[in-house]
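Student: Before we start, here is the structure in question, set down as structure tokens.
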DNA sequence: GAAGAATACGAGCGGGTACTCACATTTGCA
DNA sequence: TGCAAATGTGAGTACCCGCTCGTATTCTTC
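Residue numbers (the numbering used here), protein chains in the order written: chain A, 20 to 236; chain B, 20 to 236.
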């Protein structure tokens with residue numbers, strides 16, 4: 020049961036085929052958001068997309084393949100947003116960014132990823148994402164962790180930090196951040212005006228040596 | 020579709036009936052762990068339990084009711100472990116526990132709950148807990164948050180803390196803790212020997228006023 | 001032991017599911 | 001223009017699902 024094919028079956032070569040594939044993906048996204056995974060059947064997808072089931076199965080070997088494609092699209096877009104935000108943050112003037120500002124920027128970057136198709140993101144994450152055989156959330160988390168670990172190893176950061184294994188600290192931060200940003204009841208937390216500042220505090224206090232001061236922005 | 024009954028249909032009055040119900044629950048747990056929610060059908064459950072579908076439907080109005088019963092059993096057991104751990108921690112000598120020790124104890128108590136049927140716990144959490152109309156994880160999180168908020172309002176705690184809204188702080192802590200303890204890749208994190216101490220640090224540093232000292236245990 | 005209540009049984013119903021296939025239509029290209 | 005390849009079609013197949021119901025078995029009570 021884990022040997023199901025999940026890749027695309029045939030590549031669309033003509034423009035109308037690409038339109039079809041796009042319609043299928045969009046319809047799937049809509050149905051997932053509106054009715055959840057269990058009620059999103061291939062027949063419904065085809066109907067909503069305005070194509071026939073047959074066309075659907077020309078490009079996807081089974082239902083899960085569509086969802087996986089959707090997930091990969093989304094993950095790609097979110098990673099792009101994240102990496103762009105981080106680049107914007109660090110590139111312009113390359114020196115002497117206080118740790119707290121860097122963390123604040125990082126949080127901003129992660130929050131930015133939440134703006135990318137939030138409804139679809141939520142449903143994919145909660146209903147199909149992190150269990151099942153293809154653990155894409157795991158991959159996402161690992162990439163984010165690597166990125167944060169690299170940032171933590173930067174000399175500028177090291178200067179303001181206590182002695183700490185960068186990989187371990189990155190794991191802690193990313194996982195804690197994951198909970199705060201995507202866990203249950205995260206909507207309410209994020210909506211709170213104090214949220215961004217407090218999350219920043221949570222992380223910087225953890226990284227800084229004991230006894231360091233911290234002023235409000 | 021949200022008006023489905025989820026409570027038990029009929030209470031087992033004889034011993035053999037209780038055996039049947041128990042067999043159904045155990046079979047369901049096994050199938051959930053082995054094959055996931057989607058492949059755990061009532062027919063399969065009955066077969067694995069060594070009873071007939073008819074018997075199954077005598078005690079449960081539908082499939083989800085079984086899962087909910089399983090969830091409630093588990094939640095109850097875990098809560099028991101949690102409360103016992105907390106009692107052990109606080110009862111013996113009732114005064115003057117440093118904040119960091121209290122947090123450490125709380126973390127220990129939560130970690131202890133992870134030892135209760137971890138496989139079942141994981142699958143229930145990830146696959147069925149937090150989507151669908153019955154949002155059980157949400158409920159669990161809310162209860163935990165309330166508990167922590169109450170603890171934070173205790174005068175002993177307040178003394179060592181910075182000025183901070185207890186409800187908000189509790190949310191942050193519970194959500195962050197959730198990510199670290201149950202998020203993707205949490206296994207690896209928790210297995211690390213530094214984990215417990217670092218999580219303790221993460222939380223205490225967040226709660227304490229800036230500039231407070233903290234020694235290793 | 002008789003009688004009624006509780007329990008157990010499982011074939012089968014209605015319906016939704018994933019997916020196929022023989023055929024129709026459109027497209028690119030010579 | 002003609003023709004093969006690409007694409008689109010949707011009725012139909014085989015299957016599995018949740019769940020019911022009439023019947024058989026076992027327990028309790030007197």
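C-beta atoms are modelled at their ideal positions from N, C-alpha and C, and glycine is treated no differently. These numbers were taken from a predicted model, which means no experiment stands behind them.
(1) Whose CA, out of B:32, B:124, B:24, B:79, lies closest to the CA of residue 47 of chain B?
(2) Pick from B:207, B:198, B:168: whose alpha carbon is nearest that of residue 186 of chain A?
(3) Taking only beta-carbon atoms, is residue 190 of chain A less than 8 Å away from chain B?
(4) Nearest to residue 242 of chain B by alpha carbon, out of B:194, B:63, B:93?
(5) Using a C-beta cutoff of 8 Å, does residue 217 of chain A count as contacting chain B?
(6) Between which two residues does the alpha helix (DSSP H) harbouring residue 60 of chain B extend?
(7) If you follow the alpha helix (DSSP H) that residue 217 of chain B is part of, which residue opens it and which one closes it?
(8) Find the residues of chain A that neighbour residue 166 of chain B, judging by a C-beta separation of less than 9 Å, and give them in chain order.
(9) Using a Cβ cut-off of 8 Å (strictly closer), state whether residue 174 of chain B contacts chain A.
(10) Closer than 7 Å between beta carbons: that is the criterion. Which residues of the segment 202–214 of chain A meet it against chain B?
(11) Less than 8 Å between CB atoms is the rule here; does residue 37 of chain A satisfy it with respect to chain B?
(12) Can you give me the C-alpha to C-alpha distance between residue 59 of chain A and residue 50 of chain A, rounded to a whole angstrom?
(13) Excluding sequence positions up to five away, which residues of its chain have a Cβ less than 8 Å from the Cβ of residue 62 of chain A?
(14) Run down chain B in chain order and give the residues with a C-beta less than 9 Å from the C-beta of residue 160 of chain A.
(15) Tell me, please, whether the CB atom of residue 157 of chain B is closer than 8 Å to any CB atom in chain A?
(16) Which residues in chain B have a C-beta closer than 7 Å to the C-beta of residue 220 of chain A? List them in chain order.
(17) Do residue 209 of chain A and residue 142 of chain A count as a contact pair if the criterion is CB distance below 8 Å?
(18) How is residue 47 of chain A classed by DSSP in three states: helix, strand or coil?
(19) Assign residue 152 of chain B to buried or exposed, taking buried as 16 or more other Cβ atoms, counted over all protein chains shown, within 10 Å of its Cβ.
(20) Any contact between the segment 85–98 of chain B and the segment 82–99 of chain A? By contact I mean 3 or more CB pairs, one from each, below 8 Å.
(21) With DSSP as the reference, label residue 24 of chain B as helix, strand or coil.
(22) So with CB distances below 9 Å, who are the chain A contacts of residue 196 of chain B?
(23) So, does the CB of residue 187 of chain B fall closer than 8 Å to a CB anywhere in chain A?
(24) Okay, do the segment 23–43 of chain B and the segment 197–205 of chain A touch, 3+ Cβ pairs below 8 Å being the bar?
(25) Is it true that the segment 217–228 of chain A meets the segment 218–229 of chain B, where meeting means three or more beta-carbon pairs spaced less than 8 Å apart?
(26) Do you know offhand how far residue 135 of chain A's Cα is from residue 36 of chain A's?
(27) For residue 79 of chain A, which of helix, strand or coil comes out of DSSP?
(28) How far does the alpha helix (DSSP H) with residue 70 of chain B in it reach, from first residue to last?
(29) Is the segment 163–183 of chain B touching the segment 169–178 of chain A in the sense that three or more CB pairs, one from each, lie closer than 8 Å?
(30) Tell me whether residue 209 of chain A sits in a helix, a strand or coil according to DSSP, three-state version.
(31) Quick one: what does DSSP say residue 152 of chain B is sitting in, helix, strand or coil?
(32) How many Å lie between residue 212 of chain A and residue 25 of chain B at the Cα?
(33) Can you name the start and end residues of the alpha helix (DSSP H) that residue 191 of chain B belongs to?
(34) Within its chain, find whatever has a CB closer than 6 Å to the CB of residue 102 of chain B; leave out the 5 residues flanking it on each side and keep chain order.
Tutor: Judging by the given coordinates:
(1) B:79
(2) B:207
(3) yes
(4) Outside the shown range of chain B, which is 20 to 236, sits residue 242 of chain B, and nothing can be said about it.
(5) yes
(6) Neither: residue 60 of chain B is in no alpha helix (DSSP H) and is coded neither H nor E.
(7) 214–226
(8) The contacting residues do not exist; residue 166 of chain B stays about 14 Å from chain A at best.
(9) no
(10) 202, 203, 204, 205, 208, 211, 213
(11) no
(12) 6 Å
(13) 72
(14) 202, 203, 204
(15) yes
(16) 225
(17) no
(18) helix
(19) Confidence at residue 152 of chain B is low in this model, with a pLDDT of 48, below 50, so its placement is unreliable and the value that follows should be read with caution. Exposed, since its Cβ has fewer than 16 Cβ neighbours within 10 Å.
(20) no
(21) coil
(22) 195, 198
(23) yes
(24) no
(25) yes
(26) 26 Å
(27) coil
(28) Unbroken run through residue 70 of chain B: none, as it is neither H nor E.
(29) no
(30) helix
(31) Summary for residue 152 of chain B: the model assigns pLDDT 48, below 50, so the residue's position carries little reliability; its value from the coordinates is reported in the next sentence. Residue 152 of chain B: coil per DSSP, three-state reduction.
(32) 38 Å
(33) 185–201
(34) none
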